[in-house]
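Working notes, structure below.
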Amino acid sequence: MQSSAFLSKAESRKGATRSSRFGLLLFALLCLALTWPLLFGEYQFKIQFDVWQTPEIRFLKQVNEHKQAQTEGGLLGAKSDIPGGVKWHGSVPHGRKDRGEKLGGCAGGLNGEECNSDGAINGRALSERPQGATGGGQEVCQVDGSACKGVQEKLRVFVYELPANMSTDFYKHPSAMQGSNSAEWWIYRDLVRLRPDSTSPAVRVSDPAQADVFFVPFMGSQAFLCADSAQYTLVDHADVCGELKGKNHQLQEELHTWLAQQEPWRRSGGVDHVFMLVHPLALDRKRTDFRQALFLLTDFAQAWSWEVSLTKDVVVPYMHVVESLPRGVAADMASSAYLRNLTTLLFFTGNLQRLGMGAVRKQLADLLADAPDVIIRSANTGNVVTSDLLSRTADEMRRSRFCLHPAGDTPSSSRIFDAIVNLCIPVVVSDDLELPFEDQLDYSEFSVFVKERDAVQPGVLLQRLRTISDETVLRMRQKLLEVRDYFEYSEPWSRRVSAQSLIWREVAARVPSIRLRMARKRREAPQEQPATMDNLRPERNFHLNGNWSDS
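Under our numbering, the first residue of the sequence shown is numbered 89, with each subsequent residue one higher.
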């Protein structure tokens, strides 16, 4: 009995010992699991996990990480500030593609994913700078250019302080800011703002060495308008222009002389400089001399091909002349309930007596004269645009489904932007029109494009418009509500998105090309264009010297 009891106690002690050892082992394993990342680095777990993944899983993971990086870090800022999420397509301006042209744009990825509104233009983010390039790294400069910190990238702009008679004096009178060409003033104001918390993609720097581009605030549009009282349509010419009347060409010469004395201009020859040519005839005497620079322009029709191009320059919107639809009622007017108030099918008011491409206006007016739900009104008022006319135009636009934009003296005018800010769907009958921000916006989502040759055929234009359903009209008006801020020139701190912000994105997209041209200039490349067969001098051309052989 004693022996049996002794054995039983011994076995109990063994069991307790085994349990104790097992518990210690579990505790040790738990401690090891908790301390392993600290001792050996958590990357070892990641390596093991990646080994267990199939190649397909690893590929999908990389794609998702790439998309996330694109969404979180775009061209010039943080996440999308575009209401409704404007989509981007690849690297071709899709708006031109949808108009039957060769270029295309950014409106959504191949799989329908949305791009960041601040994201890469033409497939490249500005933050993708070559290391060691001027302004390299990802930095944001303070307004005075005194400090740069490692946040998201902004376009750094050095603003020349021109003599006042070339710049700010043109806009001393409040009425000067009422015309369509006053866009130049609002672009300038966006750079000289006083508040450092602006959301503009551009920032002014005081050190030329920090600058990506150099901004020349010559008010060429106002200078042109002040050269001839017949050009001024909104207010009294003498009140606005004062002593600057008739000095357009003189000031252009003075500007050229002044720039020739500036070191950045002498260094680059103007390649990294930005001029405003809002009026098609702005800087008419000096465009050729300044052709190396980047032009902010509304139209190409009054310039030569060696002066301007879509790749070098940036198309900008006119300032709308008709008052914008108040923000408080815009959403209600973009609703389905409001469609019954759109009693006019097509509306136009403007000068019907135009030459050249503008002859289409008179043709359309004659063709549509008897249509019951169409308003085509001549606005030949002796070069005076009254406030009553603008108010009546705004009311009629807001009661119309579509607003006609035919070609005039040039392909462009402020009329299309008047329509957009009042939620009237633009009908573009202007084959040579170039549109602003076409690599960022899909105009086919809120505009109708009709070729001039088709529009002047009896019945074609109205039949096209009448077949557009209420659902499509509603969708296009809601899209206009989303995008209209992109065509509003505003104070830089008043809203996140404005015409200026999209302009600076376009300029930023051209910075890599500017750097390439600067590099070629530094090594004294013999010509602006590469040495293709048609650009080589005859004595240097292999084929023209009888050396070609088929063997």
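Cβ atoms here follow ideal geometry from the backbone N, Cα and C, with glycine treated the same way.
These numbers were taken from a predicted model, which means no experiment stands behind them.
Neighbourhood of residue i by C-beta, 7 Å cutoff - its chain only, sequence neighbours within 5 removed
i: residue 487; result: 429, 430, 431 and 432
i: residue 257; result: 332
i: residue 440; result: 449, 450, 453 and 466
i: residue 383; result: 363, 365, 396 and 401
i: residue 519; result: 539 and 540
i: residue 446; result: 495, 496 and 497
i: residue 389; result: 368, 498, 499 and 520
i: residue 623; result: 615 and 617
Residues near residue i in its chain [Cβ-Cβ closer than 6 Å; skip 5 each side]
i: residue 464; result: 436, 453 and 456
i: residue 403; result: 522 and 524
i: residue 348; result: none
i: residue 451; result: 544
i: residue 411; result: 482
i: residue 166; result: At residue 166, the pLDDT of 33 sits below 50, so the modelled position is not reliable; the number obtained from the coordinates is stated separately. Taken in chain order, the list of residues that qualify is empty.
i: residue 287; result: 584
i: residue 274; result: 577
i: residue 567; result: 533 and 534
i: residue 312; result: 336, 367, 369 and 370
i: residue 339; result: 254 and 311
i: residue 565; result: 422 and 511
i: residue 379; result: 395
i: residue 594; result: 402
Own chain, CB closer than 8 Å to residue i, minus 5 neighbours either side, in chain order
i: residue 255; result: 276, 305, 306 and 307
i: residue 443; result: 497
i: residue 553; result: 433, 434, 489, 490, 515 and 536
i: residue 409; result: 266, 267, 268, 322, 473, 478, 502 and 506
i: residue 609; result: 356, 357 and 359
i: residue 51; result: Shown here, the chain extends from 89 to 639; a query on residue 51 therefore has no answer.
i: residue 157; result: At residue 157, the pLDDT of 48 sits below 50, so the modelled position is not reliable and the matter cannot be decided from this model.
i: residue 57; result: Outside the modelled stretch of the chain, which goes from 89 to 639, sits residue 57, for which no answer is possible.
i: residue 550; result: 433, 434, 456, 459 and 462
DSSP three-state assignment for residue i, whether helix, strand or coil
i: residue 337; result: helix
i: residue 292; result: strand
i: residue 624; result: coil
i: residue 561; result: helix
i: residue 361; result: strand
i: residue 413; result: coil
i: residue 246; result: strand
i: residue 328; result: helix
i: residue 404; result: coil
i: residue 619; result: coil
i: residue 551; result: helix
i: residue 241; result: coil
i: residue 546; result: coil
i: residue 399; result: coil
i: residue 630; result: coil
Supposed contact pair residue j and residue i - C-beta distance, whole angstroms, cut 8 Å
i: residue 355; j: residue 299; result: Incorrect: roughly 12 Å between the Cβ atoms, too far for contact.
i: residue 548; j: residue 515; result: Residue 548 to residue 515, Cβ: 12 Å. No contact.
i: residue 511; j: residue 422; result: 6 Å
i: residue 517; j: residue 494; result: 5 Å
i: residue 561; j: residue 413; result: That pair is no contact at about 16 Å.
i: residue 302; j: residue 248; result: 7 Å
i: residue 242; j: residue 297; result: Residue 242 to residue 297, Cβ: 16 Å. No contact.
i: residue 327; j: residue 263; result: 7 Å
Cutoff 9 Å: residue i Cβ touching any chain B Cβ
i: residue 353; result: Structure shown: chain B not included; a single protein chain is present.
Problem - Length-filtered (4 minimum) alpha helix (DSSP H) runs lying within the region 415-475 - result: Entirely contained in the region 415-475, the alpha helix (DSSP H) runs reaching 4 residues are, in chain order, 415-421 and 447-455.
Practice task
Write down every uninterrupted run of the alpha helix (DSSP H) in the region 482-542 whose length is 4 residues or greater and which is fully enclosed by it, in chain order.
Solution key: Counting whole runs of 4 or more residues, the region 482-542 contains the alpha helix (DSSP H) stretches 503-508.
Handout entry: Residue ranges of each alpha helix (DSSP H) within the region 564-615, 4 or longer
Key = Correct list: 587-597 and 599-610.
Handout entry: Segments assigned beta strand (DSSP E), at least 3 residues, entirely inside the region 364-397
Key = Fully enclosed beta strand (DSSP E) runs of 3 or longer: 382-385.
Problem - Length at least 3, wholly inside the region 248-315: the beta strand (DSSP E) runs in chain order - result: Correct list: 290-293 and 301-303.
Handout entry: Inter-stretch contact (C-beta, 8 Å, three-pair minimum) for the region 387-398 and the region 328-335
Key = Result no; under three Cβ-Cβ pairs closer than 8 Å.
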